[in-house]
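Each residue of the sequence shown is one higher than the one before, starting from 732 at the first, in our numbering.
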Amino acid sequence: MTQETVLILTASGGGGLLQAAAAKKQEILLKNPSARVLTKDLLASDKWNWLGKFGVVAWNQSQRHGTVLGQNLLAYFQAIAEYLFWPQFYFETLHLLQKENIDRVIDTQPLASGATLQAIQTYNKISGKKLILEKFIVDLPTKKATHFFRSIRRLSPSLKEMIKVITVEPLLEPNQTAEEFWQKHCNLSEKSICYEKYPIRQGFKNYMGKEKPKVPFPIFIQTNRDEKKTIQKTTQKGFISSQDNENGLVFTIDPNDFVAVILLGSQPSENSTYRYVENFILEGQKRIGKKTALFVYCAEHLPKKNCLFSRVHHLVANHPSYPKDLSVIPFSSQEDDVIASLYHRSDLTITRSGGQTGMELMALAKGKTWIHSESKSDKDIMKGMPCWEAESAIYLVEKCKGKIVTPHSFINHL
């Protein structure tokens, strides 16, 4: 094994870009443990820190508030950001390439592909190397994934020879070929595309191809001290018991238990998540005898604050007619193997249609795959998602036989 030095470029807006970077790092180190892998978030650079932070905070807040218009607007501003961040991406990438003597470059974020490639081109001339850019398309490749495609489509012929796009198979229109898709949206031949079946983190790969368990199945939830107390108080109202562990809690799921997971992205829409739990409780009052374990992602736990974690706890703890056959388990950010175990055992997942989530579900999900929309009515259900996620939802409906639901309508399907 050679001590290859790999640079992975990523960004902090949402969790998918960071998860993709983590997946590539795991993959590299598994194949070559002696490799040196550097992960760099160029939007967190000191020079442009205020602008990068503004973009990240605005994006994360719009997701938490379920503001689809805000997410669409920020995506439209990407064209402006391409010009604003061009100098930063070029000079910082070139500096890193020279300083760290980089042998390989992977990029999991959508901005300034041209600047990154020109930095690599300059570095190749100086160093005599022949580096290319491995561009990892984090979102599912559909006609609406323009935030990734835009900067690739504008590349000059010489820079296009230096890029390899890594993705899954695209969602094609009727009578369209894959070659036509890539020529239309990226101005690239399919020869420049590398299809990788589910480029996901190792924790998910460990469950690929495994049958759904037919014996009691343990699910470990990592917690800190405050989270553990809140979860234990919340689950007291239900049927499930947990085993205390130094680093968290272990829940043993019976083969006959129904397991549902609500995970609306790394920055979950708080009101929608709350409404789903509220309606699960309402439905649980009717489903007497059917034990349901509902795992709810609530982002971070903030003691003494009215965060989503606390709201879900108080909803359960103070509910006047809470069903005994329902256990709600709120949880915060987890390692990939924990989320993978949830997807593997789940009978139902309710998620957003982000690219990484979609790939993880396609790789693992054995139960029903439902995709969340912020819409208030089924008539405009596609408008309840950012435009690229709406198209990704169609991808998942086709590939996973999924269903698009809202907090108001899902109970009719349950």
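Don't be surprised by glycine CBs; every beta carbon is placed ideally from N, CA and C. Bear in mind the structure is a predicted one, so any value in this text is a computation, not a measurement.
Notebook entry, point to check: Name the DSSP bridge partner or partners of alanine 676?
Noted result: The structure shown does not extend to residue 676, since the chain is modelled only from 732 through 1145, so no value can be given for it.
Next item on the list: Alpha carbon to alpha carbon, how far is leucine 919 from glycine 1133? Give it in angstroms, no decimals.
Entry: Distance between the alpha carbons of glycine 1133 and leucine 919: 30 Å.
Note to self: Taking the beta strand (DSSP E) that asparagine 976 belongs to, which residues open and close that run?
What the structure shows: Its beta strand (DSSP E) spans residues 973 to 976.
Notebook entry, point to check: With which residues is lysine 1099 paired in a DSSP beta bridge?
Noted result: In the DSSP secondary-structure assignment, lysine 1099 is bridged to Leu1079.
Next item on the list: Just the C-alpha distance for isoleucine 897 and isoleucine 837, rounded to the nearest angstrom, thanks.
Entry: Between isoleucine 897 and isoleucine 837, the C-alpha separation is close to 10 Å.
Check: Any chance the region 892 to 911 sits against the region 932 to 951, with 3 or more Cβ pairs inside 8 Å?
Finding: At 8 Å Cβ cutoff, the stretches do not touch.
Next item on the list: Return yes when the Cβ of isoleucine 894 is within less than 8 Å of the Cβ of isoleucine 863, no when it is not.
Entry: A contact, by the Cβ cut-off of 8 Å.
Checklist line | Spatial distance of aspartate 772 from isoleucine 1125 (CA atoms) | finding: Taking the CA atoms as reference points, aspartate 772 sits about 31 Å from isoleucine 1125.
Next item on the list: Measuring alpha carbon to alpha carbon, tell me which of Ser997, Asn1049, Arg932, Gly1086 ends up nearest lysine 875.
Entry: Out of Ser997, Asn1049, Arg932, Gly1086, the CA that lies nearest to the CA of lysine 875 is found in Gly1086.
Next item on the list: Just confirm the distance between the C-beta atoms of alanine 991 and serine 1077, as a whole number of angstroms; I'd bet it's less than 8 Å.
Entry: Sure, about 7 Å apart at Cβ, within 8 Å.
Notebook entry, point to check: So, using beta-carbon positions, are threonine 839 and isoleucine 739 closer together than 8 Å?
Noted result: Yes, the pair counts as a contact, with Cβ atoms nearer than the cut-off.
Item checked: Limits of the alpha helix (DSSP H) - the one that cysteine 925 falls within -> Per DSSP, cysteine 925 lies in no alpha helix (DSSP H); the unbroken beta strand (DSSP E) holding it starts and ends at 924 to 926.
Next item on the list: Under the assumption that lysine 968 contacts tyrosine 1074 (Cβ atoms under 8 Å), give the Cβ distance between them as a whole number of angstroms.
Entry: Your pair lysine 968 and tyrosine 1074 does not check out as a contact, with CB atoms roughly 25 Å apart and the cut at 8 Å.
Notebook entry, point to check: Quick one: Cα of glycine 1089 to Cα of asparagine 1010, how far?
Noted result: Answer to the nearest angstrom: the Cα atoms are 24 Å apart.
Margin query: Give me the residue from Phe1026, Arg1042, Ala1094, Val1069 with the minimum Cα distance to isoleucine 1081.
Written below: It is Phe1026.
Margin query: Please state the DSSP three-state secondary structure of threonine 741.
Written below: The three-state secondary structure of threonine 741, taken from DSSP, is strand.
Next item on the list: Would you mind reading off the limits of the beta strand (DSSP E) that contains proline 949?
Entry: Here the beta strand (DSSP E) through proline 949 covers 948 to 953.
Checklist line | Best match in Arg767, Ala751, Gln914, Gly845 for proximity to valine 814 [C-alpha to C-alpha] | finding: The identity of residue 814 in the sequence shown is tyrosine, whereas the question assumes valine. Considering only alpha carbons, the answer is Gly845.
Notebook entry, point to check: Of the residues Glu1091, Lys1110, Leu1127, which one's Cα is nearest the Cα of tryptophan 1101?
Noted result: It is Leu1127 whose Cα lies nearest to the Cα of tryptophan 1101.
Notebook entry, point to check: Any idea what DSSP makes of lysine 941, helix, strand or coil?
Noted result: Note: lysine 941 maps to coil in three-state DSSP.
Next item on the list: Take the Cβ of aspartate 988 as the centre, count every other Cβ of all protein chains shown within 10 Å, and call the residue buried at 16 or more, exposed below.
Entry: By the 10 Å Cβ count, aspartate 988 comes out buried.
Item checked: Segment limits, beta strand (DSSP E) that includes leucine 842 -> From DSSP, leucine 842 is part of no beta strand (DSSP E); its letter is neither H nor E.
Check: So, are the CB atoms of alanine 843 and tryptophan 817 less than 8 Å apart?
Finding: Yes; because the gap between Cβ atoms is below 8 Å, this pair is in contact.
Next item on the list: May I ask you to verify whether the region 959 to 977 touches the region 1106 to 1115, counting CB pairs closer than 8 Å and requiring at least 3?
Entry: Contact between the region 959 to 977 and the region 1106 to 1115 is absent, with fewer than three C-beta pairs closer than 8 Å.
Next item on the list: Can you grab the Cα-Cα spacing for the pair lysine 861 / alanine 909, in whole Å?
Entry: Their backbone Cα atoms lie some 28 Å apart in a straight line.
Notebook entry, point to check: Under 8 Å, do lysine 964 and histidine 1044 count as touching if we go by C-beta distance?
Noted result: In this structure, lysine 964 sits near histidine 1044, with a CB-CB distance shorter than 8 Å.
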